[in-house]
Amino acid sequence: MAVLEGAVTYANLLTLLALGLTLTYITTSVPNFAQGSFAVFSSYIAYFVYQSTKITPYFSIPFAVFFGGFIGVVTYIIVLKPLIKKEASILILMIATLAWDLILLGFIGIFSESVSKLLGTYASKFIFPYYLDYKLFGIQGIFFSSTLTVILSLAILFFLLYKTKFGIAMRASMENPSLAEIMGIDVEKTRLFSWFLSGAFAGLAGALLPFKQEIVQATGQIIIVSIFAASIVGGLSTLLGAVVGGYLVGLSESLITFWLSKFFGVSILVYSKAVSLIILVATLLYIPQGLASINWRRIVWHLKH
Amino acid sequence: MAFEALISSILLWFGIYTILSLSLNIEYGYGGIPNFGKALAVLVGAFTTGAIVNRILIAIYSVKAETITQASGFMKSTVDQIIASNPLYGFAILLLALLLSAFFGAIIGALYILPSAKLESDYLAITLLAIAEIMFMVTYYDTSLIGGYYGAPVPDILAFVPGEYREWFFVALVMFFAFATYLFVERTLNTPYGRVLRAMREDPTALQFAGKDVMWLRIKTLAFSSAIASMTGVLYSYYTGNVVGIVNLFARVNWTFFPFLMVLLGGMSNNRGVLAGVFSFVVIWRLIDGYKHEIAEFFHLPFDVNWLQYIIFGFLMIAILYYRPEGIIREKPIETKPMVELKTRRLEKV
Chain A
2 MAVLEGAVTY ANLLTLLALG LTLTYITTSV PNFAQGSFAV FSSYIAYFVY
52 QSTKITPYFS IPFAVFFGGF IGVVTYIIVL KPLIKKEASI LILMIATLAW
102 DLILLGFIGI FSESVSKLLG TYASKFIFPY YLDYKLFGIQ GIFFSSTLTV
152 ILSLAILFFL LYKTKFGIAM RASMENPSLA EIMGIDVEKT RLFSWFLSGA
202 FAGLAGALLP FKQEIVQATG QIIIVSIFAA SIVGGLSTLL GAVVGGYLVG
252 LSESLITFWL SKFFGVSILV YSKAVSLIIL VATLLYIPQG LASINWRRIV
302 WHLKH
Chain B
43 MAFEALISSI LLWFGIYTIL SLSLNIEYGY GGIPNFGKAL AVLVGAFTTG
93 AIVNRILIAI YSVKAETITQ ASGFMKSTVD QIIASNPLYG FAILLLALLL
143 SAFFGAIIGA LYILPSAKLE SDYLAITLLA IAEIMFMVTY YDTSLIGGYY
193 GAPVPDILAF VPGEYREWFF VALVMFFAFA TYLFVERTLN TPYGRVLRAM
243 REDPTALQFA GKDVMWLRIK TLAFSSAIAS MTGVLYSYYT GNVVGIVNLF
293 ARVNWTFFPF LMVLLGGMSN NRGVLAGVFS FVVIWRLIDG YKHEIAEFFH
343 LPFDVNWLQY IIFGFLMIAI LYYRPEGIIR EKPIETKPMV ELKTRRLEKV
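Sequence lines, in order, name chains A and B. Each residue of the first sequence is one higher than the last, beginning at 2 in the working numbering. Each residue of the second sequence is one higher than the last, beginning at 43 in the working numbering.
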């Protein structure tokens, strides 16, 4: 049970991260290698807010969300927009996000070590221990919090995209940017907003991640492979795909390795990320457009006949 | 003394990164293959030294210990003594490691590029990065392979050299290999092979129409370049005396990002440009690293200057991409014999 609980929590957070990655991929067509560092930087912000207020780690969520959104916006304005204007190729843009990831790693290091000095605690490595979390029906609160977070985020996102005028503009510029521009939509504005949202989702995930695992400066570099796996499995071009992929990769990473550990012993647990790699490569080779591209109705029809 | 150490470290890294960047230049500069998992080839080198050559030596001297880290430590002390009295033995170990790593590097490189049969550009880059990252994670967290985060000591192949000269001996050794690689790569790329690679970068479909098997070309290229790159893993492991310098969580920065930075800084698809890029980068990098305590004290920085380095090099990369994507030295057409003849004929006419 505890395994399933942890797996769902992890899958929830991965879904948030994959959602952000897919969102910016749809609007800007850049696979963002810095998505993991967006989250981890926000984790450090959350830790700093918690350490200085000592209320509860949940109190720091809004700070982390706004900080994440801020980094997202900065990424687009300083790094990507100038290069896109110069019509840089997609590989050049990817190298730029790799460089930006390194810059963020530098800032994370500086921030964490300065905070250590400032607060007199060791802040380079940390978790939110279980006693900081609430308990409900004997289950750790993070399980409910992260689930609720995903539901709320999805509800807000769908309300925004389908019920507001700005959302319609945003969907239009996702579908066909040049046509949307002709119709008088400010595509730059919608792009910028998508980067804010993407960063905010990462910040949200980052604020909750320390409940689940230890955060070190390089955690973003480690988690990015799982984020890509989740986004690609679902199909990089649909938001629904990110949700499906997030749960598929998140759950299988924990559950498959747990199941394997019954046969091969606990040493197999370090191979959990290899599961997401295998899923990633298999998807790319057999269904490169992701699960969302499969025509399920046709498969069902074939099965029936 | 400090100055001397600075010079030797600049030369050492210049040698190591020359080999690695030349290899990346074959793939990315000439062939246009976005190998975002460059570090994997370096890991193959470290793996060969730490996991394979070490195990061979452990078996020869029948060392008994619980873990590979311990066993390697015991083996090292025995082997170091032998090397101290017999230098040839040290060179033999180095040569064995280099040959084995070139062999494994070629095989792994060929297998690793297979997804490119179906993928291209961003999807390919993500896949290659993911494969390399996972391999690093596995070797880092699974301590039974090459010691993981405990590391695995490797024999000092220069144990016969007195301590104070070892650094310079190693610098000479690395520079020798770097120079040999440069000559070799320069020769190999000034052939029809080099021109086909450039054609693949510009338009793989057109090349296919010209009757070339692009997939086979990519496999050959990755096997060739990974064999070269794996040498750096071997040399660096033997230099530091442990594999932890490579098997760690910052591998992507040191063994993938920095080579990309150097190749783009110097100028893609041109080996002299790569040398210029490597040299400029290494000088800046070692100067910051050599004086990091002074810098931290001078500015009263409450953190390690390494973090500042990441920011500086990240911005340098973005600045290059924005202001000078062609690098310090621009790409030139390859001078084939007919082209040279044509030029001289034109000059004669004038």
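Cβ atoms here follow ideal geometry from the backbone N, Cα and C, with glycine treated the same way. Predicted model, so just to flag it, every value in this text is computed and none were measured.
Assumed close pair residue i, residue j - CB separation to whole angstroms, cut-off 8 angstroms
i      : j      : result
G319/B : S51/B  : Actually they are not in contact, since the Cβ atoms of G319/B and S51/B sit about 18 angstroms apart, beyond 8 angstroms.
T185/B : T274/B : Not confirmed; about 24 angstroms, so no contact.
V271/A : Y183/B : 4 angstroms
G193/B : V285/B : 6 angstroms
L239/B : T223/B : Between T223/B and L239/B the Cβ distance is about 17 angstroms, and since that is not below 8 angstroms, they are no contact.
G151/B : A269/B : 7 angstroms
Y77/A  : L193/A : 6 angstroms
I353/B : G107/A : 4 angstroms
V289/B : A88/B  : 6 angstroms
G132/B : A201/B : 6 angstroms
P204/B : K118/B : Not a contact, Cβ separation roughly 18 angstroms.
G74/B  : A271/B : So it is not a contact: roughly 17 angstroms between Cβ atoms.
D102/A : F34/A  : 5 angstroms
F341/B : E114/A : Contact doesn't hold; Cβ gap of about 14 angstroms is too wide.
G242/A : L292/A : 6 angstroms
L153/B : L285/A : Wrong, their Cβ atoms sit about 16 angstroms apart, outside the cutoff.
Partner residues on chain A for residue i, Cβ-Cβ distance less than 7 angstroms
i      : result
M179/B : I223 and K274
I176/B : V226, K274, A275 and L278
R294/B : Q222
D198/B : By Cβ distance, chain A contributes nothing, its closest Cβ being about 30 angstroms from D198/B, past 7 angstroms.
I353/B : I104, G107 and F108
F133/B : Neighbours of F133/B on chain A: none; closest Cβ ~36 angstroms, over 7 angstroms.
Environment of residue i [buried if 16+ CB atoms lie within 10 Å]
i      : result
M184/A : exposed
M43/B  : Any answer about M43/B is weak, because its pLDDT of 48 lies below 50 and its placement is not dependable; what the coordinates show is given next. Its Cβ having fewer than 16 others within 10 Å, M43/B is exposed.
R393/B : Any question about residue 393/B goes unanswered here, given that chain B covers just 43 to 392.
K379/B : exposed
R299/A : exposed
P234/B : exposed
A107/B : exposed
V382/B : exposed
K385/B : exposed
N128/B : exposed
F299/B : buried
T54/A  : exposed
A65/A  : buried
F160/A : exposed
R294/B : buried
DSSP bridge partner residues for residue i (one or two, in chain order)
i      : result
F308/A : No statement about residue 308/A is possible, as the shown extent of chain A runs from 2 to 306 and does not include it.
N284/B : P195/B
Q141/A : K136/A
F127/A : I216/A
Cross-chain neighbours of residue i in chain B, by beta carbon under 9 angstroms
i      : result
P289/A : K160, L161 and Y165
P32/A  : D164, Y165, A167 and I168
L161/A : In chain order: nothing, as chain B lies at least about 27 angstroms away.
Under 9 angstroms from the C-beta of residue i: neighbouring residues of chain A
i      : result
P344/B : I111, E114, S115, S117, K118 and L119
D331/B : None at all; the shortest Cβ gap to chain A is about 14 angstroms.
L187/B : Near L187/B there are no residues of chain A at all, since even the closest Cβ is about 10 angstroms away, more than 9 angstroms.
Partner residues on chain A for residue i, Cβ-Cβ distance less than 8 angstroms
i      : result
L307/B : In chain order: nothing, as chain A lies at least about 12 angstroms away.
L350/B : G107 and I111
F302/B : I96 and L99
D122/B : Correct list: empty, because the minimum Cβ distance to chain A is about 31 angstroms.
Residues that residue i contacts on chain B, provided the C-beta gap is smaller than 8 angstroms
i      : result
V234/A : Under the 8 angstroms cutoff, chain B gives no residues; its nearest Cβ is about 12 angstroms from V234/A.
F101/A : In the sequence under discussion, the amino acid at residue 101/A is Trp, which differs from the Phe named in the question. Within chain B, the residues near W101/A are G356 and I360.
I143/A : Those within 8 angstroms of I143/A in chain B number zero; the least Cβ separation is about 24 angstroms.
I93/A  : L363 and P367
Neighbour list for residue i in chain B, Cβ cutoff strictly below 7 angstroms
i      : result
F229/A : I168 and A172
V83/A  : It is worth fixing the name first, because residue 83/A is Pro in this sequence and not Val. Those are Y364, listed as they occur along chain B.
- What are the residues of the region 240-273 of chain B that lie near chain E, defined by any Cβ-Cβ distance shorter than 9 angstroms? Looking for chain E here will not work: the only protein chains present are A and B.
- Is the number of C-beta pairs between the region 134-145 of chain B and the region 251-270 of chain A that are closer than 8 angstroms three or more? The answer is no - the region 251-270 of chain A does not touch the region 134-145 of chain B, with fewer than three Cβ pairs under 8 angstroms.
- Stretch-stretch touch, CB-based, cutoff 8 angstroms, three pairs: the region 316-330 of chain B with the region 58-77 of chain B: Contact between the region 316-330 of chain B and the region 58-77 of chain B is present: three or more C-beta pairs spanning the two stretches fall below 8 angstroms.
- Counting pairs of Cβ atoms below 8 angstroms between the region 236-256 of chain A and the region 273-289 of chain A, do you hit three or more? A contact is defined here as three or more CB-CB pairs under 8 angstroms, and the region 236-256 of chain A meets this definition with respect to the region 273-289 of chain A.
- Query: Touch check for the region 197-207 of chain A and the region 80-98 of chain A: three-plus C-beta pairs under 8 angstroms?
  - Reply: Counting Cβ pairs under 8 angstroms, fewer than three are found: no touch.
- Query: Counting pairs of beta carbons, one from the region 9-27 of chain A and one from the region 228-240 of chain A, are three or more of them closer than 8 angstroms?
  - Reply: Output reads yes: the region 228-240 of chain A touches the region 9-27 of chain A.
- Query: Is the region 119-129 of chain A close to the region 202-213 of chain A, with three or more CB pairs under 8 angstroms?
  - Reply: At 8 angstroms Cβ cutoff, the stretches touch.
- Query: Taking three-plus beta-carbon pairs below 8 angstroms as touching, is the region 164-179 of chain A in contact with the region 40-51 of chain A?
  - Reply: With the cut-off at 8 angstroms, the region 164-179 of chain A and the region 40-51 of chain A do not touch.
- Three-pair Cβ contact test at 8 angstroms for the region 155-175 of chain B versus the region 221-230 of chain A: Put simply, the region 155-175 of chain B touches the region 221-230 of chain A. At least three CB pairs are less than 8 angstroms apart.
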